Amino acid sequence: MGVGAEKTARSPREADAEVVDRGADMRNFDDARLSGLGYKPELQRKFTLLSCLAVGFSISNSWFAVTGALTTGIGNGGSSIYMYGAILVALVHVCIGASLGELASAYPNAGGQYYWVIRLAPRRCRAFLSYLTGVTAWAGAMITGASVALVIGQGVVGIIILCRPEIVYEQWMGFVGYQIANILVFFLNCSNRFLPGLNKTSLYISLASFLTITLAVLIASPKKASADAVFGTYTNSSGWDNDVVAWILGLLGVNWGFSCLDACVHMAEEIPHPEKNIPKAIMGTVAIGFITSWVYSIAIFFSMQDILSVITTPTMVPILELFRQALRGNIPGAVFLEVLVVLTAIGCLMSIHTWQSRLLWSFARDRGFPFSSHLAIVAGAPYSVPLWSHLFSCFWIAVLGILYWVSTTAFFSLLTGGILMQYISYMIPVSLLLIRGRRISVPGPFYMGRWGWFANGVLVVWSLFTLVFYSFPLCFGCDSNYLQLRSRVLVRPGKEDF
28 MGVGAEKTAR
38 SPREADAEVV
48 DRGADMRNFD
58 DARLSGLGYK
68 PELQRKFTLL
78 SCLAVGFSIS
88 NSWFAVTGAL
98 TTGIGNGGSS
108 IYMYGAILVA
118 LVHVCIGASL
128 GELASAYPNA
138 GGQYYWVIRL
148 APRRCRAFLS
158 YLTGVTAWAG
168 AMITGASVAL
178 VIGQGVVGII
188 ILCRPEIVYE
198 QWMGFVGYQI
208 ANILVFFLNC
218 SNRFLPGLNK
228 TSLYISLASF
238 LTITLAVLIA
248 SPKKASADAV
258 FGTYTNSSGW
268 DNDVVAWILG
278 LLGVNWGFSC
288 LDACVHMAEE
298 IPHPEKNIPK
308 AIMGTVAIGF
318 ITSWVYSIAI
328 FFSMQDILSV
338 ITTPTMVPIL
348 ELFRQALRGN
358 IPGAVFLEVL
368 VVLTAIGCLM
378 SIHTWQSRLL
388 WSFARDRGFP
398 FSSHLAIVAG
408 APYSVPLWSH
418 LFSCFWIAVL
428 GILYWVSTTA
438 FFSLLTGGIL
448 MQYISYMIPV
458 SLLLIRGRRI
468 SVPGPFYMGR
478 WGWFANGVLV
488 VWSLFTLVFY
498 SFPLCFGCDS
508 NYLQLRSRVL
518 VRPGKEDF
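Quick note: the sequence shown uses the numbering used here, first residue 28, plus one each step.
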């Protein structure tokens, strides 16, 4: 069944039929289904729907994504990106989430996208396509982890600079904070006993931080922007003459808030009834993400006092300067709000580590990665997690941090490549499903029927659309190497960049 060599000669239909035959004889139907697909149950099913939703939302964390990518959209559309672009991106991701949920419902497996390709692709190209899907999915997870680790590092350094203005930000400071964050969160993921509770705690911290910051900036800001300024202003300082292109590129910051929807998929072997709970967790992530990000964006733009100071702040953390302005120069208050952002980011990175380790572990289980004999091991008690896969993934996030120290141009082009890799890993199995006429051997409870054509079509079109436009630089006057670097990230993952 694996990428390198198939475990069994049974067809997908025969595997599903065996589940039905054997399920009644086994105490746990979830494990019976997994065994019928040719896999030995190795992980404990300690996650609930809520803790799985916590993993999904803690990673997407849409309001936090607005915080981290604030300057991305300001010059490429201004507030209109966050007011209207968020609605567009959310609607698209309803279709993307539904498409992923449908496949997760039919084929609940921790491998997610690459495993779906195994089940859907013709035999002659199955190995290649599943390998390509698995590598791009894991690489996308690595890059997402790198982006959040940098937000944590820069957030802490920004707090120090705000309190000590004589300090000037240097790249090595962000690098050190990045590596400390990566190491800290590594240890938070080493025991499955505490992991579900930690993920739920990160969800509560994120929602509490969202409410606190939203209310604080709205109540304390000395003056409020007009409704026309927030909802009716379009700005283009990107250097692009074409306003439509500039606005589309500005969607990138909003798009990050709805990325990583496959994270819940890779928890399929740690949650009861994954065929029902995984789709619920995915769609819940999209719903909560849109509500929080849209409300948060409204609060931020109504409370913004001096946009130029926000963009050019010496702290290198634009949202921290916005907090200072909104709180009438109150530095302790601004620090407190930024601490909430950093805590949210730590929870986000913790969930990303959970996601990437399960993805790599399942891929190694199918012998799709070097050192698979080690990476496919699930550590015994008290860990009960794929510890080697977790360590390996964290190591590569640490390596990506070196790239930030060496070249910020290369690092930030890599970040955009990360979201595109996720879309590639979604597009391949969904395209195969469409080519098959949407025939699934045994549809799951989340089967969409005729509506699936529309949802799947939106996913494929959006993926192709972003592959083209997100490869352009946000600013027309960017370094000429920017586009070339990002293209390398997309074309040759696993060979040079990883």
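Every residue gets a Cβ at the ideal spot worked out from N, C-alpha and C, and that includes glycine. As the structure is a computational prediction, the values presented were derived from the model and not from experiment.
For residue i, the three-state DSSP class (helix, strand or coil)
i	result
Asn216	coil
Asn263	strand
Asn103	strand
Gly95	helix
Pro68	coil
Arg477	coil
Gln449	helix
Gln198	helix
Asp57	helix
Phe74	coil
Asn88	coil
Val116	helix
Tyr497	coil
Pro470	coil
Arg351	helix
Ala44	Note on Ala44: pLDDT 49, under 50, position unreliable in the model; the coordinate value appears next. Helix, per DSSP.
Asn533	Residue 533 is absent from the model: the chain starts at 28 and stops at 525.
Arg465	coil
Cys375	helix
Phe492	helix
Cys502	coil
Phe221	coil
Nearest candidate by alpha-carbon position, reference residue i, set the options
i	options	result
Asn355	Ser248, Tyr453, Cys502	As written in the sequence, residue 355 is Arg, which differs from the Asn given in the question. Nearest of Ser248, Tyr453, Cys502 to Arg355, Cα basis: Ser248.
Thr171	Gly444, Gly395, Ile114	Gly444
Asn483	Phe398, Arg463, Ala425	Arg463
Phe396	Gly138, Glu365, Ser336, Phe317	Gly138
Leu123	Val457, Gly471, Ser107	A quick correction: the sequence has Ile, not Leu, at residue 123. With distances taken between Cα atoms, Ile123 lies closest to Val457.
Leu563	Lys303, Ser468, Arg465, Tyr431	Residue 563 lies beyond the range of the chain shown here (28 to 525); nothing can be said about it.
Asp289	Glu129, Pro345, Gln71, Leu335	Glu129
Phe496	Ile446, Phe481, Thr160	Ile446
Val405	Cys79, Ile114, Cys217, Val162	Cys217
Ile379	Tyr111, Val121, Ser229	Ser229
Val121	Trp478, Tyr158, Ser174, Pro192	Trp478
Lys227	Gly83, Ile424, Ile467, Tyr66	Gly83
Met200	Thr342, Pro149, Ser400	Thr342
Gly311	Thr160, Gln71, Leu80, Phe56	Leu80
Asn282	Arg465, Ala113, Lys67, Leu370	Ala113
8 Å contact criterion, which residue i and residue j should meet: CB distance rounded
i	j	result
Ala308	Cys291	4 Å
Leu61	Glu296	6 Å
Leu376	Ile179	7 Å
Gln332	Ala353	7 Å
Leu347	Leu189	6 Å
Leu386	Ala168	6 Å
Ala59	Pro470	Their Cβ separation, rounded to whole angstroms, is 18 Å, which puts Ala59 and Pro470 out of contact at 8 Å.
Ile298	Phe74	4 Å
Ser87	Ser399	Rounded, the Cβ-Cβ distance is 29 Å, inconsistent with contact.
Ala531	Ser420	Outside the shown range of the chain, which is 28 to 525, sits residue 531, and nothing can be said about it.
Distance cut-off 7 Å: residue i Cβ against heavy atoms of the ligand COA
i	result
Leu156	Questions concerning the ligand COA fall outside what the structure shown contains, since it holds no ligand whatsoever.
Short Cβ contact (8 Å threshold) for residue i with residue j
i	j	result
Gly277	Asn103	yes
Val244	Ser330	yes
Asn412	Asn136	Looking at the sequence itself, residue 412 is Val, so the reference to Asn does not match. Not closer than 8 Å, so no.
Gly100	Gly280	yes
Gly374	Tyr205	no
Val485	Val119	yes
Ile451	Leu156	no
Arg153	Ile145	yes
Phe503	Ser265	yes
Thr436	Trp90	no
Ser526	Thr260	No information on residue 526 is available, as it lies outside the stretch 28 to 525 that the chain covers here.
Ser389	His300	no
Phe202	Trp432	yes
Tyr453	Ser498	no
Leu542	Pro345	The shown model of the chain, from 28 to 525, leaves out residue 542, and the question about it has no answer.
Tyr323	Val488	no
Output the residue ranges of the alpha helix (DSSP H) runs that lie fully inside the region 228-296 and measure 4 residues or longer, sorted by chain position.
Correct list: 254-258, 270-283.
At which residue ranges does the region 393-439 contain complete beta strand (DSSP E) runs of 3 or more residues, listed in the order of the chain?
Here no run is fully enclosed.
For a minimum of 3 consecutive residues, which ranges assigned as the beta strand (DSSP E) are wholly contained in the region 133-208?
Runs of the beta strand (DSSP E) lying entirely within the region 133-208, each at least 3 residues long, are absent.
Unbroken alpha helix (DSSP H) runs of length 4 or more, entirely within the region 292-347: which are they?
Note on the region 292-347: whole alpha helix (DSSP H) runs with a minimum of 4 residues are 301-330, 334-338, in chain order.
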